[in-house]
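Q: What follows is a structure written as structure tokens; I'll ask about it next.
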Amino acid sequence: MKLVKDTPKHVVLSTKDLAIGYTSKNYKNTVASNINIELHCGELVGLVGANGIGKSTLLRTLTAIQHPLSGTIILNLEPLSGYSAVELAKTMSLVLTEQIVSKNLSVFELIALGRQPYTNWIGSLTAKDIAMVNNALKLTNIKDIKNKKCFELSDGQLQKVMIARALAQDTDLIILDEPTTHLDMYHKAYILKLLQSLAKETQKTILFSSHEIDLAIQLCDRLIVMTEDEVASDTPCNLIIKGTFNSLFPKDLITFDETNGNFRVKK
Amino acid sequence: MPNKNTYQLAFSLLILMLILCFIINISLGSVSISNSELIEIFFGSSNNNTFKKIVLDYRLPKALTAIIVGSGLGVSGLMMQTLFRNPLAGPFVLGITSGASLGVALTIMGSSVFGGLLANTLVSKWGIVAAASAGSFLVLLSVLIVSTKIRDTMAILIIGLMFGSITTAIVSVLSYFTSAEDLQQYIFWGFGSLGNLSWEEVFILLIIYSVGLLLSLASIKALNTLLLGENYARSLGLHIKKNRMLIILATSLLAGTITAFSGPIAFVGLAIPHITRQIFNTSNHKLLLPAVFIFGAIIMLICDSIAQLPNSDYTLPINVITSLFGAPVVIWLLVRKRKMNF
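Note that the protein sequences, when read in sequence, are chains A and B.
Just so we're aligned, residue 1 is where the first sequence starts under my numbering, counting upward by one.
Just so we're aligned, residue 1 is where the second sequence starts under my numbering, counting upward by one.
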């Protein structure tokens with residue numbers, strides 16, 4: 001009983017005194033430092049912050065595309081730097097903002113590419129692979145479009161397909177870079193709601209960066225808020241109480257309304 | 001989506017067409033040989049030694065070369081288009097053929113320009129193969145190194161063309177100083193020809209081509225992953241650099257040796273993958289690569305049959321036919337770009 005109390009939920013990803021940024025020959029550009037975050041199993045976590053604050057840099061560092069300046073990242077109890085490319089692909093899947101190169105793939109084919117880390121040298125799908133793809137189609141509610149070509153899809157549908165592809169990759173952690181850009185208000189809410197139910201149903205950890213702070217506050221289990229002074233990580237309620245959102249943006253145009261949990265334009 | 005049976009039917013039809021084109025190709029030529037005579041030759045019961053020699057030592061190796069050239073250039077063009085994410089890429093556009101040309105020009109004409117005994121011994125078939133392969137590999141490698149610095153695909157295309165210009169300039173310098181005899185030999189190589197290969201040379205070509213083909217089979221999975229873009233491919237555990245080298249190696253082996261043996265064959269590498277994509281309506285390389293392979297072979301056999309100008313004493317350079325056939329296809333693709341599958 002005590003053991004359960006000590007570890008209420010399995011930690012999937014954690015950082016310790018992480019500093020992120022860019023280095024070149026002569027200088028070091030630190031974007032953010034002193035980042036201590038913990039992502040738990042089955043949590044939906046939103047990453048918010050103003051433009052240029054370093055959200056992308058943080059995601060690039062957490063996904064091992066670039067090295068941290070200092071500090072450590074632990075993924076499933078192992079340091080991130082120790083992962084091989086294939087091991088990492090079996091633990092962490094991504095949904096990126098960039099467009100896929102070939103939209104002549106069918107939805108099924110594209111989602112099946114998520115099984116690449118598990119398939120043989122020529123990429124043959126086993127019965128298990130096909131079952132995983134079908135499960136991903138079911139979870140994201142896109143069974144009806146599985147034979148369509150990607151160029152036939154709307155932005156909202158395509159985003160669901162990319163999420164299904166990440167699900168098919170069968171990883172503990174899914175990281176999405178601004179999954180709601182280019183979507184209308186309904187589909188923004190739809191995608192984030194989908195992520196919320198996926199986290200609950202599959203017990204995967206889902207981390208996404210977003211500018212939809214209002215929606216993120218309503219739907220996320222935890223928020224990572226990047227401001228000039230700090231990188232705060234807590235439940236949305238605690239962050240509101242602490243007043244973290246007040247320092248998110250310059251105060252000349254918009255202010256945070258703590259009672260409603262959203263931003264308002266100054267009149 | 002077409003199911004498995006549709007694809008099986010399509011592949012059966014393609015293979016049937018390939019066999020048909022192969023037979024037609026062998027039966028056509030400047031000397032008219034009847035079908036019954038052909039059958040007798042193949043079953044060894046023919047007594048006409050001249051016809052036997054024409055069919056077994058000229059037409060048969062030529063038909064095999066056509067299959068190797070068409071399928072090899074088609075496959076390497078397909079790999080380049082996927083790797084560079086550019087529908088207009090191909091061995092020709094990215095300078096691989098001009099690299100091979102430079103290598104061959106250096107071996108054929110370098111001997112008279114620079115002189116020396118060593119240079120003379122290089123002008124063997126092996127020397128030309130090695131030079132062409134090295135030339136194409138070096139140019140492709142240079143384009144690739146530059147492409148890691150620049151992400152814009154159009155820029156890479158222009159860089160490929162620039163490499164082509166540089167090699168053309170060097171070839172011009174060599175041509176200016178070389179002997180007329182060597183120059184003629186080089187120009188004839190540039191016309192492209194499927195018919196000058198002995199059985200021994202076809203055998204050498206076949207070995208290197210097979211290695212290149214095996215490497216291209218090994219990169220099918222990587223090619224499919226690259227359809228998502230490099231960042232997604234990396235997130236799926238693909239070693240981008242390793243696989244990039246594998247694809248380049250396969251391409252330079254295929255396109256380099258084919259160019260060395262049969263000269264720079266225009267447009268095939270670019271046009272075949274597009275035509276195949278239009279017909280099969282897929283981007284999956286597991287289907288596309290074998291389809292491009294068979295289709296390339298068929299087209300090349302047809303082009304060669306036309307180039308023979310059956311029942312006449314003349315033979316057109318193979319490049320005339322492939323360009324006459326290829327250029328309109330490229331124009332047609334550009335005009336139809338909105339509907340192009342990639």
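We treat Cβ as the ideally placed atom computed from N, Cα and C, and that holds for glycine.
These numbers were taken from a predicted model, which means no experiment stands behind them.
1. Taking 8 Å as the threshold (C-beta atoms), are A/I191 and A/Q159 in contact?
2. Report yes or no: is there a C-beta of chain B within less than 8 Å of the C-beta of A/I100?
3. Does the beta-carbon of A/S84 have 16 or more other beta-carbons within 10 angstroms, so that it is buried, or is it exposed?
4. Just curious, the beta strand (DSSP E) that A/H182 is in, first and last residue?
5. Are there three or more Cβ pairs, one per stretch, closer than 8 Å when the segment 160-179 of chain B is compared with the segment 212-225 of chain B?
6. Helix, strand or coil: how does DSSP classify A/G21 here?
7. Are the C-beta of A/A89 and some C-beta of chain B separated by less than 8 Å?
8. Please identify, using Cβ separations under 8 Å, the residues of the segment 238-255 of chain B that lie next to chain A, in order along the chain.
9. Consult DSSP for A/S233 and reduce its assignment to one of helix, strand or coil.
10. What's the call for A/D144, buried or exposed, on a 16-neighbour Cβ count within 10 Å?
11. Would you verify that the beta carbon of B/K286 is, or is not, closer than 8 Å to some beta carbon of chain A?
12. Note down, one range per segment and in chain order, each beta strand (DSSP E) of at least 3 residues found wholly within the segment 140-216 of chain A.
13. Please list, in chain order, all residues of the same chain as B/L118 whose beta carbon is under 8 Å from its beta carbon, the five residues on each side excluded.
14. Could you tell me the distance, in whole angstroms, from the CA atom of A/T181 to the CA atom of A/E109?
15. Give the straight-line distance between the Cα atoms of B/M300 and A/L176, rounded to the nearest whole angstrom.
16. Could you tell me how far apart the beta carbons of A/S154 and A/E178 are, in whole angstroms, since I believe they sit closer than 8 Å?
17. With 16 as the cutoff for other CB atoms within 10 Å, does B/W126 come out buried or exposed?
18. A/I254 and A/F245 - do their beta-carbons sit closer together than 8 Å?
19. Give a yes or no on whether 8 Å exceeds the smallest Cβ distance from B/R336 to chain E.
20. For a cutoff of 8 Å on Cβ pairs, would you count B/T276 as touching chain A?
21. Could you check how far apart the C-beta atoms of B/C303 and B/F280 are, in whole angstroms? I think they sit under 8 Å.
22. Can you pull the chain B residues whose beta carbon is under 9 Å from the beta carbon of A/E201, in chain order?
23. Suppose the cutoff is 7 Å on Cβ atoms and the five residues either side in sequence are ignored; what does the same chain contact list for B/A351 look like?
24. By a C-beta neighbour count over all protein chains shown, 10 Å radius and 16 as the cutoff for buried, is B/R336 buried or exposed?
25. How far does the beta strand (DSSP E) with A/K103 in it extend, from its first residue to its last?
26. Do B/I272 and B/G74 have their beta-carbon atoms positioned less than 8 Å apart in this structure?
27. Rounded to whole angstroms, what is the Cα-Cα separation between A/K9 and A/Q196?
28. Quick one: any contact between the segment 61-77 of chain A and the segment 226-240 of chain A, if contact means 3 or more CB pairs under 8 Å?
29. Using a Cβ-Cβ cut-off of less than 9 Å, give me the residues of the segment 77-99 of chain B that come near chain A, in sequence order.
30. Quick one: what's A/K265 bridged to in DSSP?
31. Are B/V329 and B/I275 close, meaning C-beta to C-beta below 8 Å?
32. With H, G and I counted as helix, E and B as strand and the rest as coil, what does DSSP make of A/I74?
33. State the DSSP-derived secondary structure class of B/P310, mapped to helix, strand or coil.
34. According to the Cβ coordinates, are B/G90 and A/A89 closer than 8 Å?
35. With a CB to CB cut of under 7 Å and the five nearest residues on each side skipped, what residues in its chain are close to B/V55?
36. Go ahead and pull the three-state DSSP assignment for B/T315.
A: From the atom records:
1. On the first sequence, position 159 is the one that residue 159 of chain A refers to. On the first sequence, position 191 is the one that residue 191 of chain A refers to. Yes, these two residues count as a Cβ contact at 8 Å.
2. Residue numbering aside, residue 100 of chain A sits at position 100 when the first sequence is read from its first letter. Between A/I100 and chain B, the shortest Cβ-Cβ separation is below 8 Å.
3. Indexing the first sequence from 1 puts residue 84 of chain A at position 84. The residue in question, A/S84, is exposed, as its Cβ has fewer than 16 Cβ neighbours within 10 Å.
4. Indexing the first sequence from 1 puts residue 182 of chain A at position 182. For A/H182, there is no enclosing beta strand (DSSP E), as DSSP marks it with neither H nor E.
5. Not touching, per the Cβ criterion.
6. Sequence index remark: in the first sequence, residue 21 of chain A carries index 21 (1-based). Strand.
7. As a working note, residue 89 of chain A is residue 89 in the first sequence. Taking Cβ atoms only, chain B reaches closer than 8 Å to A/A89, which makes this a yes.
8. Residues are counted here when their Cβ sits less than 8 Å from a Cβ of chain A; for the segment 238-255 of chain B these are L238 and H239, given in chain order.
9. Taking the first sequence and counting its residues from 1, the one referred to as residue 233 of chain A is at position 233. Here DSSP, grouped into helix, strand and coil, assigns A/S233 to strand.
10. Stepping through the first sequence from its first residue, residue 144 of chain A is reached at position 144. Burial call: exposed.
11. Indexing the second sequence from 1 puts residue 286 of chain B at position 286. Yes - at least one Cβ of chain A is within 8 Å of the one on B/K286.
12. Here the runs fully enclosed are 173-177 and 205-209.
13. For the purposes of this step, residue 118 of chain B is taken as residue 118 along the second sequence, with counting starting at 1. In this prediction, B/L118 has a pLDDT of 49, which is less than 50 and means its spatial position is unreliable; what the coordinates show is noted afterwards. Once the five neighbours on either side are set aside, B/L118 has no close Cβ partner at all.
14. The residue labelled residue 181 of chain A in the question sits at position 181 within the first sequence. The residue labelled residue 109 of chain A in the question sits at position 109 within the first sequence. Their Cα atoms are separated by approximately 24 Å.
15. The residue you call residue 300 of chain B lines up with position 300 of the second sequence. The residue you call residue 176 of chain A lines up with position 176 of the first sequence. Distance between the alpha carbons of B/M300 and A/L176 is about 47 Å.
16. The residue given as residue 154 of chain A occupies position 154 in the first sequence. The residue given as residue 178 of chain A occupies position 178 in the first sequence. With a Cβ gap of about 18 Å, A/S154 and A/E178 do not count as contacting.
17. The residue given as residue 126 of chain B occupies position 126 in the second sequence. With fewer than 16 Cβ atoms within 10 Å of its Cβ, B/W126 is classed as exposed.
18. One-based indexing of the first sequence puts residue 245 of chain A at position 245. One-based indexing of the first sequence puts residue 254 of chain A at position 254. The answer is no: Cβ separation not under 8 Å.
19. The chain inventory of the structure shown lacks chain E, comprising the protein chains A and B.
20. For the purposes of this step, residue 276 of chain B is identified with residue 276 of the second sequence, where counting begins at 1. Contact with chain A is absent for B/T276, since none of that chain's Cβ atoms lies less than 8 Å from the residue's Cβ.
21. Along the second sequence, read from residue 1 onward, the residue named residue 303 of chain B stands at position 303. Along the second sequence, read from residue 1 onward, the residue named residue 280 of chain B stands at position 280. About 21 Å separates the two Cβ atoms, so there is no contact after all.
22. Reading the first sequence from its first residue, position 201 is the one you call residue 201 of chain A. Contact of A/E201 with chain B by beta-carbon distance below 9 Å is absent, the smallest such distance being about 23 Å.
23. No answer is possible for residue 351 of chain B: it lies beyond the span of chain B, which begins at 1 and ends at 342.
24. Taking the second sequence and counting its residues from 1, the one referred to as residue 336 of chain B is at position 336. Its Cβ having fewer than 16 others within 10 Å, B/R336 is exposed.
25. Taking the first sequence and counting its residues from 1, the one referred to as residue 103 of chain A is at position 103. No beta strand (DSSP E) contains A/K103, which DSSP labels as neither H nor E.
26. Along the second sequence, one-based indexing puts residue 74 of chain B at 74. Along the second sequence, one-based indexing puts residue 272 of chain B at 272. Yes, the pair counts as a contact, with Cβ atoms nearer than the cut-off.
27. Within the first sequence, residue 9 of chain A is the residue found at index 9, counting from 1. Within the first sequence, residue 196 of chain A is the residue found at index 196, counting from 1. Looking at the backbone, the Cα of A/K9 and that of A/Q196 are separated by about 17 Å.
28. By the criterion of at least three beta-carbon pairs nearer than 8 Å, the segment 61-77 of chain A is not in contact with the segment 226-240 of chain A.
29. Cβ contacts with chain A: T82 and R85.
30. Sequence index remark: in the first sequence, residue 265 of chain A carries index 265 (1-based). Residue identity differs from the one stated: residue 265 of chain A is Val in this sequence, not Lys. DSSP lists A/I254 as the beta-bridge partner residues of A/V265.
31. The residue you call residue 329 of chain B lines up with position 329 of the second sequence. The residue you call residue 275 of chain B lines up with position 275 of the second sequence. Yes, the pair counts as a contact, with Cβ atoms nearer than the cut-off.
32. In the first sequence, counting from the first residue as 1, residue 74 of chain A sits at position 74. Strand.
33. Here residue 310 of chain B refers to the residue found at position 310 when the second sequence is read from its first residue. B/P310 falls in the coil class under three-state DSSP.
34. Position 90 of the second sequence holds residue 90 of chain B. Position 89 of the first sequence holds residue 89 of chain A. In this structure, the beta-carbon distance from B/G90 to A/A89 does not fall below 8 Å.
35. For the purposes of this step, residue 55 of chain B is identified with residue 55 of the second sequence, where counting begins at 1. Contacts found: I26, I33, L38 and I41.
36. Within the second sequence, numbered from 1, the residue matching residue 315 of chain B stands at position 315. Coil, per DSSP.
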